[in-house]
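Novice: Questions regarding the structure given below will be posed in turn.
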Amino acid sequence: MGIDRILLIILAVILHLVLAGMLLEDLSNRKRVLGRIKWPWAVVIMLVVFAGSLLYLLCHPKIFYGGKDE
Amino acid sequence: MNGIRKGLTMLTSPNAFSYYLLFLMWAVLTLFYYFSEIVDLAGWEALRWEFFYSVHDVHRLLFLIPVIYAAYVFGIKASIIINIISLMTFLPRALFVSTYPDALARMLVFILVSGTVGYLIAVLRKAQKRTQQ
Numbered sequence: 035m036g037i038d039r040i041l042l043i044i045l046a047v048i049l050h051l052v053l054a055g056m057l058l059e060d061l062s063n064r065k066r067v068l069g070r071i072k073w074p075w076a077v078v079i080m081l082v083v084f085a086g087s088l089l090y091l092l093c094h095p096k097i098f099y100g101g102k103d104e
Numbered sequence: 009m010n011g012i013r014k015g016l017t018m019l020t021s022p023n024a025f026s027y028y029l030l031f032l033m034w035a036v037l038t039l040f041y042y043f044s045e046i047v048d049l050a051g052w053e054a055l056r057w058e059f060f061y062s063v064h065d066v067h068r069l070l071f072l073i074p075v076i077y078a079a080y081v082f083g084i085k086a087s088i089i090i091n092i093i094s095l096m097t098f099l100p101r102a103l104f105v106s107t108y109p110d111a112l113a114r115m116l117v118f119i120l121v122s123g124t125v126g127y128l129i130a131v132l133r134k135a136q137k138r139t140q141q
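Residue numbers (my numbering), protein chains in the order written: chain A, 35 to 104; chain B, 9 to 141.
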């Protein structure tokens with residue numbers, strides 16, 4: 035495995051953690067989430083790399099505008 | 009004329025329509041970015057155009073559209089998130105597909121530029137909104 039490939043994997047991990055961190059912060063501040071229970075969203079965001087974050091974003095459009103309530 | 013103005017207002021104001029439009033843009037661009045792989049998988053011989061198999065710098069440049077749109081409509085946070093999503097979209101190609109050298113460097117240059125553009129647009133839009141109020 036070349037150094038380029040290792041750096042790309044490290045970059046992917048960093049990106050996942052940054053995105054997950056931003057979304058988890060939003061999740062913790064949010065009063066209501068889709069499905070009402072927060073912890074499954076936290077698990078999905080953390081464990082399902084990229085797709086989990088994307089799913090959370092698609093289900094909670096008010097992350098970009100409006101308040102924390104859904 | 010009134011209809012066009014209404015449409016523009018809807019497109020440029022932060023609402024659910026512009027939010028999902030942003031993700032639609034990203035999805036279409038992702039399909040475009042990986043179109044050569046889709047063509048290979050589906051075996052669409054007629055669509056094997058040289059353009060889809062060349063260096064993907066031009067294809068990547070198109071991702072500036074959702075970044076700029078997110079920055080203009082939603083602000084800095086949205087711009088950062090769309091930048092991260094775009095970068096994560098580029099990674100599989102850089103890791104598994106690209107045969108060209110310096111995939112990481114080219115990707116990082118793009119993200120540096122798009123991040124700066126997104127930030128500047130978000131700041132300008134915020135200032136513009138403040139003066140309008």
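Don't be surprised by glycine CBs; every beta carbon is placed ideally from N, CA and C. Bear in mind that the values here come from a model prediction, so they are computed numbers and not experimental data.
CB-CB under 7 angstroms to residue 114/B, same chain, minus the five flanking residues each way: which ones, in chain order?
Specialist: 65
Novice: Taking the continuous alpha helix (DSSP H) assigned at residue 97/B, which residues delimit it?
Specialist: Per DSSP, residue 97/B belongs to the alpha helix (DSSP H) from 84-100.
Novice: Checking contacts by CB at 8 angstroms: is residue 92/A closer than that to chain B?
Specialist: Between residue 92/A and chain B, the shortest Cβ-Cβ separation is below 8 angstroms.
Novice: Taking only beta-carbon positions, decide if residue 58/A is within less than 8 angstroms of chain B.
Specialist: no
Novice: What's the call for residue 43/A, buried or exposed, on a 16-neighbour Cβ count within 10 Å?
Specialist: exposed
Novice: Residue 70/A touches chain B at which residues, Cβ-Cβ below 9 angstroms?
Specialist: Residues of chain B passing the Cβ test: none, with the nearest at roughly 20 angstroms.
Novice: Please state the DSSP three-state secondary structure of residue 22/B.
Specialist: coil
Novice: Distance, Cα to Cα, residue 75/B vs residue 81/B?
Specialist: 10 angstroms
Novice: Identify whether residue 83/A lies in helix, strand or coil by the three-state DSSP scheme.
Specialist: Three-state result, residue 83/A: coil.
Novice: Give a yes or no on whether the minimum CB-CB distance between residue 76/A and chain B is below 8 angstroms.
Specialist: no
Novice: Residues in the same chain with beta-carbon distance under 8 angstroms from residue 88/B, minus the five sequence neighbours each way, listed in chain order, please.
Specialist: 123 and 126
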